[in-house]
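In my numbering, the protein residues as written are 1 to 116.
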């Protein structure tokens, strides 16, 4: 009785581990005999950093900078950046990140039409 229980317990543990691995994603394969098999995705090949989210974050950041630049105007925006450059290390880093580059400039010129 004890051997059958340990064998059953090990099978249940294997099934639980398989389900846990499939929670992270799985791939559906159809074998030649027509049987549909669900296999867990290999975690070594999947990226831990969501690329789509990172791209949307960067696009949103550029849109935000363009909106601020279009709303405040180039002279006011540059004045605020010069004040940030004279501040602490964190403010200087913010001034470096928020400086005007061609992408923000193009977005700002396109947004000015909608803000006026």
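The beta carbon of each residue, even a glycine, is placed where N, CA and C say it ideally should be.
All values derive from a computational prediction rather than experimental measurement.
Residue 69 places its beta carbon less than 8 angstroms from that of residue 100. Non-local C-beta neighbours of residue 65 in its own chain, meaning closer than 7 angstroms and more than five positions away in sequence, comprise 98 and 104, ordered along the chain.
Non-local beta-carbon contacts of residue 94 in its own chain, meaning distances under 6 angstroms to residues more than five positions away in sequence, involve 84 in chain order.
Within the same chain, and ignoring the five residues on either side of residue 40 in sequence, the residues whose Cβ sits closer than 6 angstroms to its Cβ are 21, 22 and 26. For residue 110, same chain residues with a beta-carbon under 7 angstroms away, outside a window of 5 residues either side, do not exist.
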